[in-house]
Structures are given as C-alpha cells and as structure tokens.
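Note that the sequence shown covers residues 2 to 264 in this note's numbering. Ideal Cβ positions, reconstructed from N, Cα and C, are used throughout, including at glycine. The structure displayed is predicted, hence computed values, not measured ones. The next block holds one structure in the form of structure tokens; read it before the comments.
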Amino acid sequence: MTYSTSDLERLLNERGEARAGGGPTAHLDIIIRRGRRIRRTRRAMVAGGALAVAVVAAGLVNALPAGAPRLDRSAVAQSPADSAQIKPAAKLPGSFHVVMGNKNFSLPLLHSERFTTTGAVRTVTFTPASYYTGYMVVCDDPRAWVVIQGKLKGGEAGGTSGRCAPLGGGHHDKSSAPADWLKRPQSVKVWVFPADAPVREVAQAVAGCPLTRKSKECDDEAAAHALMRPEVRERLSSEVGERPGGWTVGVYDRPSPASSAGS
2 MTYSTSDLER LLNERGEARA GGGPTAHLDI IIRRGRRIRR TRRAMVAGGA LAVAVVAAGL
62 VNALPAGAPR LDRSAVAQSP ADSAQIKPAA KLPGSFHVVM GNKNFSLPLL HSERFTTTGA
122 VRTVTFTPAS YYTGYMVVCD DPRAWVVIQG KLKGGEAGGT SGRCAPLGGG HHDKSSAPAD
182 WLKRPQSVKV WVFPADAPVR EVAQAVAGCP LTRKSKECDD EAAAHALMRP EVRERLSSEV
242 GERPGGWTVG VYDRPSPASS AGS
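And the structure:
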C-alpha cells in the first residue's frame, strides 16, 4: 500500500492543528518514518492473510481421503472414452467341408444372416444354386443350444440340434434333396437358446427326455434329441423368452455348372 503527497499533507495539517492546540510539532522525517511503519504493518497483515488462506487450502487438500479422486488433466486426457470390453462376434467359416465316402469337397458361402437375440425361431430364405447345400450356425456363446430344421427328400421337416460349437447340417447330393429344390426359393428355420436354458428340465417334463443310443441319462445328447420335438421347443421358448445373444447362420452351396461356366 502506497501514500500520495496529499496523504502526507493531510498528516502535516493534522500535526499543525495539534500544535496550535498546544501539542508538540512532529518533524517531517518523523512523520515519514511513521508512515513507512504503518505501511509495513499493513503489508505484513495482508501477507499473513494470504498465507493463512494458502494454509487452509493445503489443509483441505491433505484432508481428502486416501482413495478420493483428484483431478489429473493428463490422466483424463489419456483415459479412454469407454473402457468396456466388447466380445467380438463369432464369424462363419468361408467354406463348408463335406466328406461323403470317397468324395471330399468344400461348399462356398452363398448367404448369411446375423441375429442379436435368442429364444425365438428365425427363418432364413435363400435361392439354391445346386443340390449340394449345407447350413452352419456360429454363436457368440459356443455353449448355446441350437436347432436347425430344413426340408427333407419327401418334404418332411428334419435337421440337427445340439450345442453351438458351431453346428451344421444339410444335404449334399441330388438323391437327398427335395424334388423342387432348384425350382423355387427355399428356407431353413433356426432356434437358438441361451447356454443356461433349462433344456433338460423341459425335456424331462414334456417328453420324458427320451434317451438315445449314446446317452444313458438326460445328458446333452438326450436333451438335444428332445429339442427336435416342437412341443419341447415351444415350452422352452415360453419359459426362456427372448434374450440378448448374438449368432449367425450361413447357407453354403456349390455353384451350378452354368454359373461356373459363366464366371
């Protein structure tokens, strides 16, 4: 804090009035020293107040719990916007390998569809290119239950079921394909149920969980066999409901001779 000339004049006048009243007159150098002393005192008071504020602020920071978060701009800048780990979607293989007696060949991928829920039937429609057709289902959870159902030679429904690790099926020659296979679009139905779906319990309650030649109790083999029954799938769907769960179905087919010649 500084003093102007007017401040000193006012102080001299006050001292002069005091002399007129009979008091002693202060010399100018004494007045200046007193003014400097007053100024030093005020500066010390201001500095002490600032130091007290700093001490209080430091005390507040140190009083924070050990685990309390503190603002670190560098850490904020480096932290990712979303650190959640997202599981990648399961991918279909590029081809379907077939072994029939002395025949060994691969079918290329013809059509695929991706779904994000389980518990409900899905119908996939496609146009076959030949009598050699295969189906493949891959799931984000390889322990999920799967049923694949298509049309057999006589027009009746047939297919396969089991855990999705992945699971496939189909027919691979003209003698096993329906007569109208190349005359119109065809379809395949797929059911996918969560891995923890009560398949055994429902199979036991609805169908008695019929055993197969490989099963001696209501194991995965017997439960998968029971899933081929419509009443078991309907009961399971009603109990489980539709849940989030990703899976993909692919249709594989050998190109027809005409399309091969034109390519």
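Asked                                                                                                                                                                          : Found
Find out if the Cβ-Cβ distance for the pair Thr126, Leu108 is shorter than 9 Å.                                                                                                : no
Return yes when the Cβ of Arg144 is within less than 9 Å of the Cβ of Cys165, no when it is not.                                                                               : yes
For Arg214, count neighbouring Cβ atoms within 10 angstroms of its own Cβ and tell me buried if that reaches 16, exposed if not.                                               : exposed
Determine the burial state of His226: buried for a count of at least 16 other Cβ atoms within 10 Å of its Cβ, exposed for fewer.                                               : buried
With DSSP as the reference, identify every bridge partner of Asp254, one or two as the case may be.                                                                            : Thr134
DSSP has Gly160 in a bridge; who is on the other side?                                                                                                                         : Gln150
Along the chain, where does the alpha helix (DSSP H) containing Ser238 start, and where does it finish?                                                                        : Pro231 to Val241
How about Arg236 and Val191: do their beta carbons lie closer than 9 Å?                                                                                                        : no
Give a yes or no on whether the C-beta atoms belonging to Tyr132 and His98 are separated by under 9 Å.                                                                         : no
Roughly how many angstroms lie between the CA atoms of Lys104 and Phe116, to the nearest whole one?                                                                            : 33 Å
Can you name, in chain order, every residue of its own chain whose Cβ lies under 6 Å from the Cβ of Ala178, other than the five neighbours on each side?                       : Tyr132 and His172
Taking all protein chains shown into account, do 16 or more other C-beta atoms lie within 10 angstroms of the C-beta of Ser162, making it buried, or fewer, making it exposed? : buried
Along the chain, where does the alpha helix (DSSP H) containing Arg115 start, and where does it finish?                                                                        : Element bounds for Arg115: not the alpha helix (DSSP H) but the beta strand (DSSP E), Lys104 to Thr119.
To which residues of the same chain is Leu212 closer than 7 Å at the C-beta, ignoring the five residues directly before and after it?                                          : Ala223
Using C-beta distances below 8 Å, list every residue in its chain close to Asp142, excluding the 5 sequence neighbours before and after it, in chain order.                    : Cys165, Pro195, Ala196 and Gly246
Decide if Asp254 is buried, meaning its Cβ has at least 16 other Cβ atoms within 10 Å, or exposed.                                                                             : buried
Indicate the three-state DSSP secondary structure (helix, strand or coil) for Ser75 in the structure shown.                                                                    : Because Ser75 sits at a pLDDT of 43, beneath the cut-off of 50, its placement in the model cannot be relied upon, and the point is left open.
Where do the ends of the alpha helix (DSSP H) carrying Arg201 lie?                                                                                                             : Val200 to Ala208
Exposed or buried, Val100, counting other C-beta atoms within 10 Å across all chains shown (16 or more means buried)?                                                          : exposed
So for Lys190, helix, strand or coil by DSSP?                                                                                                                                  : strand
Count the other CB atoms within 10 Å of the CB of Val252; is the residue buried (16 or more) or exposed (fewer)?                                                               : buried
Which residue comes first and which comes last in the alpha helix (DSSP H) that contains Asp221?                                                                               : Asp221 to Ala227
For Met229, I'd like the list of residues in its chain whose CB is within less than 6 Å of its CB, leaving aside the five on either flank, ordered along the chain.            : Ser162
Only counting the same chain, and skipping five residues up and downstream in sequence, which positions put a Cβ closer than 6 Å to that of Leu168?                            : Val138 and Val147
What residue range is occupied by the uninterrupted beta strand (DSSP E) comprising Thr126?                                                                                    : Val122 to Phe127
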